[in-house]
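Read left to right, the sequence shown gives residues 1 to 376 (the UniProt record's numbering).
Beta carbons: idealized from backbone N, C-alpha and C, even for Gly.
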Amino acid sequence: MPSSEHDAPHIATALRLAASAIRLTDPNPRVGCVLCDAEGRVIGQGHTQQAGGPHAEVMALRDAQAQGHSVAGATAYVTLEPCSHHGRTGPCCDALIAAGVRRVVASLADPNPLVAGQGFARLRAAGVEVEVGPGADESRELNIGFFSRMIRKQPWVRMKVAASLDGRTGLQNGVSQWITGEAARADGHAWRARTGAVLTGVGTLLEDNPRLDVRLVDTPRQPHLVVVDSHLQTSPDAHIFIAGRAVWIYAASRHNEEKAAALEARGATITCLPNLHGKVDLPAMLQDLAARGINELHVESGHKLNGSLLREGCVDELLVYLAPKLIGSGLDIASHLHADGPLTSLTGALPLEFKSVDMLGPDLRIVARVAGRDHF
Numbered sequence: 001m002p003s004s005e006h007d008a009p010h011i012a013t014a015l016r017l018a019a020s021a022i023r024l025t026d027p028n029p030r031v032g033c034v035l036c037d038a039e040g041r042v043i044g045q046g047h048t049q050q051a052g053g054p055h056a057e058v059m060a061l062r063d064a065q066a067q068g069h070s071v072a073g074a075t076a077y078v079t080l081e082p083c084s085h086h087g088r089t090g091p092c093c094d095a096l097i098a099a100g101v102r103r104v105v106a107s108l109a110d111p112n113p114l115v116a117g118q119g120f121a122r123l124r125a126a127g128v129e130v131e132v133g134p135g136a137d138e139s140r141e142l143n144i145g146f147f148s149r150m151i152r153k154q155p156w157v158r159m160k161v162a163a164s165l166d167g168r169t170g171l172q173n174g175v176s177q178w179i180t181g182e183a184a185r186a187d188g189h190a191w192r193a194r195t196g197a198v199l200t201g202v203g204t205l206l207e208d209n210p211r212l213d214v215r216l217v218d219t220p221r222q223p224h225l226v227v228v229d230s231h232l233q234t235s236p237d238a239h240i241f242i243a244g245r246a247v248w249i250y251a252a253s254r255h256n257e258e259k260a261a262a263l264e265a266r267g268a269t270i271t272c273l274p275n276l277h278g279k280v281d282l283p284a285m286l287q288d289l290a291a292r293g294i295n296e297l298h299v300e301s302g303h304k305l306n307g308s309l310l311r312e313g314c315v316d317e318l319l320v321y322l323a324p325k326l327i328g329s330g331l332d333i334a335s336h337l338h339a340d341g342p343l344t345s346l347t348g349a350l351p352l353e354f355k356s357v358d359m360l361g362p363d364l365r366i367v368a369r370v371a372g373r374d375h376f
């Protein structure tokens, strides 16, 4: 049965609630829920909390209870199928059934194999009317990383690049601070905050010794840090070692056990994933990160690692900040994109799709997705 036009505002509210949880829920999906009585009045709402905390449906039920509303006969608008398994919390479908909800309108099914339609089936078996579909595209986009991890078994990889209008990411001597302005830099921190982990290369650590944490926007948690370091050159005194966040170093070998022990003493986890060329196997690294619960991976690295990630098909989306200035000779994002040298035909170019183009102060922000990459 198609959803009524009266449902649209409530699904829109549920989607806004889900969006407000972007920096909070990982590795769980971002979900919002709105409860309405038989007259269509909102009696409760909520979104999923931090991992281990209540899900959106439970938060909405608690909100209704706190306001003194009965949920019997209500409609629940939720942006993802109510879960049906016992994880850190109980099944949300059972909570809705026990509360006497009459109808559930959900945006789309949960891709988690532990759910995958079972939540809907249990609701229907209990006599609850279930409708699926409204807001599906928006909900999936909010949870593109969760869908990627569940279906592709790898995170959604977003590469951040700050460049001049002529595509230079730094001077020939490596200097790159600051190409863009304050608004763009704060926005970059907002994108860091929404991800499960930030990835960089050892070259960036050795040259800049960055923290790569979230400082310019408020966040309830810091993303984990991933370092591609084939030969374990990372310093145990590097600024990346921040209390409360994991540091995962991917290497080609543990040839220096003393150095490895020093890094592990600082809390680093070292994983050796060599490829045939004595470097880190980047696709294997993505699969390992998915197994660690990373939905979205935010890349901030130098032009060499950027080129390797792009060349090996590991990048799903580009987050590009363009500054209104010309640098001329310098470093650029695609200098290592093609292993066999410059293209001789445009048919070999990497096709992208612009998802959004926005002004941030004097700078331009472009989100460009690898064409067809989200078809999974």
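inquiry  = I need the DSSP call for residue 67, collapsed to helix, strand or coil.
reply    = coil
request  = Look up residue 259 in the DSSP assignment and say whether it is helix, strand or coil.
outcome  = Taken through DSSP and simplified to helix, strand or coil, residue 259 comes out as helix.
key: Those residues which DSSP pairs with residue 160 across a bridge   = Looking at the DSSP assignment, residue 160 forms a beta bridge with 319.
query = If we ignore side chains and look at the alpha-carbon of each, how far apart do residue 404 and residue 11 end up?
reply = With the chain represented from 1 up to 376, any question about residue 404 goes unanswered, as that position is not in the structure.
ask   = Can you tell which of 16, 319, 372 and 46 has its C-alpha closest to the C-alpha of residue 142?
value = 16
ask   = What are the boundary residues of the alpha helix (DSSP H) that residue 96 is part of?
value = 92-99
query = If you run the structure through DSSP and keep just helix, strand and coil, what is residue 298?
reply = strand
query = Residues in its own chain within less than 7 Å of residue 260 by CB, not counting five upstream and five downstream?
reply = Within the same chain, residue 260 has close Cβ partners 232, 254 and 270.
message = Could you tell me the alpha carbon to alpha carbon distance between residue 343 and residue 298, rounded to whole angstroms?
response = 28 Å
key: For residue 43, the nearest candidate out of 69, 114 and 19 (CA to CA)   = 69
message = Taking the alpha-carbon of residue 45 as reference, which of 75, 238 and 33 has the nearest alpha-carbon?
response = 33
request  = Go ahead and pull the three-state DSSP assignment for residue 49.
outcome  = coil
request  = Mind reading off the beta-carbon distance from residue 224 to residue 268? Whole number of angstroms is fine, and I expect it under 8 Å.
outcome  = About 11 Å separates the two Cβ atoms, so there is no contact after all.
query = Would you call the region 177-194 and the region 358-365 in contact, with 3 or more CB pairs under 8 Å?
reply = yes
message = Can you look up residue 191 in the DSSP assignment and give me helix, strand or coil?
response = Note: residue 191 maps to helix in three-state DSSP.
Beta-carbon proximity of residue 222 to residue 249, cut-off 8 Å = no
message = Taking contact to mean 3 or more Cβ pairs, one atom from each stretch, closer than 8 Å, check whether the region 126-144 and the region 283-290 are in contact.
response = no
Element boundaries [beta strand (DSSP E), containing residue 146] = Note, residue 146: premise wrong, no beta strand (DSSP E); alpha helix (DSSP H) at 144-151.
query = How long is the line joining the alpha carbons of residue 119 and residue 214, rounded to whole angstroms?
reply = 36 Å
key: Bridge partners - residue 103, DSSP secondary structure assignment   = 75 and 129
query = Thinking C-beta only, is residue 73 closer than 8 Å to residue 102?
reply = yes
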